[in-house]
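Quick note, the sequences are listed as chains A and B, same order.
Mind the numbering: the first sequence is residues 1 to 315 in this note's numbering, read in order.
Mind the numbering: the second sequence is residues 1 to 358 in this note's numbering, read in order.
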Amino acid sequence: MTASTAPLRSRVRAPRHVGDSAFFGAALTGGLLILVALAAVAIFLVVQSLPAFGVKASELNNGFSSFWTYVVPLVFGTIWAALLALIIAVPFSLGIALFISHYAPRRIARGLGAIIDLLAAVPSVVFGAWGIFVFSPFVQPFYSFLSTTLGWFPPFSGPVSPTGRTVLTVAVVLAVMITPIITALSREIFLQTPRLNEEAALALGATRWEMIRIAVLPFGRAGIVSAAMLGLGRALGETLAVAMVLSPSVVISPFVLRSENPTTIAANIALNFPESFGINVNVLIATGLVLFVITFVVNATARAVVGRRGGGKGI
Amino acid sequence: MASTTAVPGGIHAGRLPRYSPIGLLGLSLVVTGGLFLIFLLAGMTAAYNATGAIFFGLLLWVVVVYVASFVVEGSRRAKDRLVTALVCTAFGVALLPLISLLITVVSRGLARFDVAYFSESMRNVTDAGGGGVHAIVGTLEITLAAAVISVPIGLLAAIYLVEYGRGPIARGVTFLVDVMTGIPSIVAGLFAFALFELVSGNPGYRAGIGGSIALSLLMIPIVVRSSEEMLKLVPNELREAAYALGVPRWLTIVKVVLPTALAGIVTGVMLAIARVIGETAPLLLVAGFTDSMNYNLFDQRMMTLPVFVYTQLTQPGTNVQAFFDRAWTGALVLILIVLLLNVVARIVARFFAPKLSR
Chain A
1 MTASTAPLRS RVRAPRHVGD SAFFGAALTG GLLILVALAA VAIFLVVQSL
51 PAFGVKASEL NNGFSSFWTY VVPLVFGTIW AALLALIIAV PFSLGIALFI
101 SHYAPRRIAR GLGAIIDLLA AVPSVVFGAW GIFVFSPFVQ PFYSFLSTTL
151 GWFPPFSGPV SPTGRTVLTV AVVLAVMITP IITALSREIF LQTPRLNEEA
201 ALALGATRWE MIRIAVLPFG RAGIVSAAML GLGRALGETL AVAMVLSPSV
251 VISPFVLRSE NPTTIAANIA LNFPESFGIN VNVLIATGLV LFVITFVVNA
301 TARAVVGRRG GGKGI
Chain B
1 MASTTAVPGG IHAGRLPRYS PIGLLGLSLV VTGGLFLIFL LAGMTAAYNA
51 TGAIFFGLLL WVVVVYVASF VVEGSRRAKD RLVTALVCTA FGVALLPLIS
101 LLITVVSRGL ARFDVAYFSE SMRNVTDAGG GGVHAIVGTL EITLAAAVIS
151 VPIGLLAAIY LVEYGRGPIA RGVTFLVDVM TGIPSIVAGL FAFALFELVS
201 GNPGYRAGIG GSIALSLLMI PIVVRSSEEM LKLVPNELRE AAYALGVPRW
251 LTIVKVVLPT ALAGIVTGVM LAIARVIGET APLLLVAGFT DSMNYNLFDQ
301 RMMTLPVFVY TQLTQPGTNV QAFFDRAWTG ALVLILIVLL LNVVARIVAR
351 FFAPKLSR
């Protein structure tokens, strides 16, 4: 039997086309180029960073004693600003996502989503300009008020910045910038809630909020966490809005209303890179490498959270 | 029959009238609007603070709705109404920065939205006048080059992942695309600079093509993601029908799968362009800035629109207002380009989408 089936199988096998293998090769090359590009990013950044790790104080043009004393305040500033932005953005984003998925009339819900996506289309340099000239003057009086009434809470203690260009302003601008992505992701997840769960809750007499609390939110918890983490990744890497709005200094400071504010890695690179040369360029590239590692960890965590839930759509 | 007790006030007792939330919203806005008008008349604010009036009006509304509902309907419904009000407020508050930003950019940008702006560069201009044509040309060239680099790579990678992708290589590529999505734009700029510094041996290297490489690094993952989604939407029946007719696999992909997904892919590419065209940080690092026109991607510094806005704002000359005006017009042009790309992309998606039977 085996002797007779073997030639039969070979007879019905489709003919091999040259085009097929060429096309497969091209597609594979496309995929592998991505691999090469990322490997190149990692290698170039590491190679250019190596001289910076052992830099001597005399060679640094910023008055710091070593690379590490320079980078630690920057890391603090980066995470601090991004976390503040996240604290502001997440409640709003979840509210907007719920509004679009469960509250707004069906017919206009898509349009409302597109309006929020418009925020994502505004370039960061425009956000920066708006932050300087419109938003900072707008919030400054509130900061004075905040400091006089809640000054006993250490982060709000004075003296208040007269320009309003503080880390809190930056955090609000960043929050506006990351709201669209968190909204879009959590909206998708809320819409995936099984319809039967929602209807069962309503049939038991739950109000709309109780239905959301017992059916929608538990279903979307992992998705919400990962959406927030992806938003955090965006905020960590945001450059120009921070560089323009903040009056920066390389310090560790938990005060959000004062004139002296911790700057972020990305903003620091943007501000200092054009005037840097020699070893100081390597120092800036090394801080960029640190930023890359931080965002990588945050994004990987976000994806791990989605992956564990299973069935999560790759976003 | 005697067991049915008449409910005083009928079936709607214990409920707020249907349109009361909207009515209360109007009332709250009127109250805070009047309050801010008093502030204006009392001289406490220089101009009428419409944003503040709306913001605090919404806050007042949330409180009023909760209290009214708690009194009439009880705690459960009050909480439901509170959340409804909060959710609507969140949406309304999110619109405020968008509206404020658009009004600012349009009103300040129109001052220099003239012919000179689109025909003159900043060469030898230190005062009023001049324009941003060198920046517009630079942005278009650099973005176009970035698209030329990233669209073939992204599309081929997407085809590989959807049509061929199995096993460790496909998993690896998917993972790396995820990693790439998270690369901060400034890191992409640093990479492009490091690459060209090494290739050219010039420690102060600046040229437009470096910006294109940096942007394509940001653009490739977006193109891969969107093309992948679109290719996955092509029904398997179409592929199977082509195979059944004896069409080889690559022809099936080129002649059947790609045309079906084309509208979606074009939309994705345009949205990807819209995403990267506003990037400032990488271009600031590797394309640099200049006041002169430069058509050559491969030599010398090249101005781009976002960097133009940035330098005009941060390094104003003696006539500060002229520099700011040019910056705002640049921002307006940039937003118009991005909006145009978004609108055209949506039109393509709407009208050229294949008619799949669903």
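Backbone N, C-alpha and C define an ideal beta-carbon position, used for all residues, glycine too.
Any non-hydrogen atom of the ligand ATP closer than 7 Å to residue i Cβ
i	result
A/G63	Of ligands this structure carries none, so the ligand ATP is not represented either.
Where residue i falls: helix, strand or coil (DSSP)
i	result
B/P221	helix
A/N62	coil
A/S136	helix
A/T5	Confidence at A/T5 is low in this model, with a pLDDT of 48, below 50, so its placement is unreliable and the value that follows should be read with caution. Here A/T5 sits in helix by DSSP.
A/T295	helix
B/S150	helix
B/P259	helix
A/P262	strand
B/P184	coil
A/S276	coil
A/Q48	helix
B/E279	coil
B/S292	coil
B/D127	coil
A/P159	coil
A/A114	helix
A/P141	helix
B/D299	coil
A/M177	helix
A/W152	coil
Same chain, Cβ closer than 8 Å to residue i, neighbours up to 5 away in sequence not counted
i	result
A/M244	V125, G128, A129, G131, I132
A/M1	Residue confidence is low: A/M1 scores 43 on pLDDT, short of 50, so the model does not pin down where it sits. Its coordinate-derived value is still stated next. Taken in chain order, the list of residues that qualify is empty.
B/I186	A281, P282, L285
B/S357	Residue placement at B/S357 is poorly supported in this model, since its pLDDT is 49, which falls under 50; the coordinates still yield a value, given next. Closer than 8 Å at the Cβ level, and outside the excluded window around B/S357, lies no residue.
B/L60	S28, V31, T32
Residue from the options with nearest C-alpha to residue i
i	options	result
A/F24	B/D114, B/L262, B/A157	B/A157
A/H17	B/M303, B/V247, B/T329, B/D325	B/V247
A/S253	A/A300, A/F292, A/G158, A/L196	A/G158
B/F298	B/V333, B/A327, B/I222, B/V199	B/V199
A/A171	A/A241, A/V283, A/I212, A/L196	A/A241
B/C88	A/V46, A/F99, A/I214	A/F99
A/I224	A/Q192, A/L28, A/L202	A/Q192
A/E210	B/L58, B/F351, B/S75, B/A46	B/S75
B/L37	B/I54, B/G23, B/I22	B/I54
B/L218	B/A147, B/A263, B/S121, B/P203	B/A147
A/F67	A/L289, A/E260, A/A215, A/A302	A/L289
B/A241	B/S227, B/E229, B/V256	B/V256
B/T32	B/G52, B/G43, B/S20	B/G52
B/L258	B/L231, B/E279, B/R275	B/L231
B/S150	A/A270, A/D20, A/N299, A/G31	A/G31
A/I96	A/F292, A/D117, A/R107	A/D117
B/A331	A/A40, A/G63, A/Q48, A/V122	A/V122
B/T252	B/R275, B/V343, B/L340, B/V234	B/V234
Neighbourhood of residue i by C-beta, 6 Å cutoff - its chain only, sequence neighbours within 5 removed
i	result
A/G310	Unreliable placement is indicated for A/G310, whose pLDDT of 45 sits below 50; no coordinate value is reported for it.
B/A345	T267, M270, L271
B/Y48	L40
B/A78	Y66, S69, F70
A/R303	none
Cut-off 7 Å between Cβ atoms - residues of its own chain near residue i, not counting five sequence neighbours on either side
i	result
A/T169	G131, F135, S136, V139, V245
A/A89	A175, I178, T179, I182, G231
A/S259	S161, S247
B/S292	S121, R123, H134
B/E229	none
A/G164	S136, P137, V139, Q140, Y143
Endpoints, the alpha helix (DSSP H) within which residue i is located
i	result
B/P306	305-314
B/Y117	Note, B/Y117: premise wrong, no alpha helix (DSSP H); not H, not E.
A/K56	Counting along the chain, A/K56 falls outside any alpha helix (DSSP H), and DSSP gives it neither H nor E.
B/E237	236-244
B/W328	320-351
B/G165	From DSSP, B/G165 is part of no alpha helix (DSSP H); its letter is neither H nor E.
B/F36	20-41
A/E199	195-203
A/I350	Only positions 1 to 315 of chain A appear in this structure, which leaves residue 350 of chain A out of reach.
A/I212	It is not in any alpha helix (DSSP H) - A/I212 carries neither H nor E in the DSSP assignment.
B/T104	75-109
A/I87	67-98
Bridge partner(s) assigned by DSSP for residue i
i	result
A/P248	A/N261
CB contact below 8 Å: residue i versus chain C
i	result
A/G113	Among the protein chains in the structure shown, which are A and B, there is no chain C.
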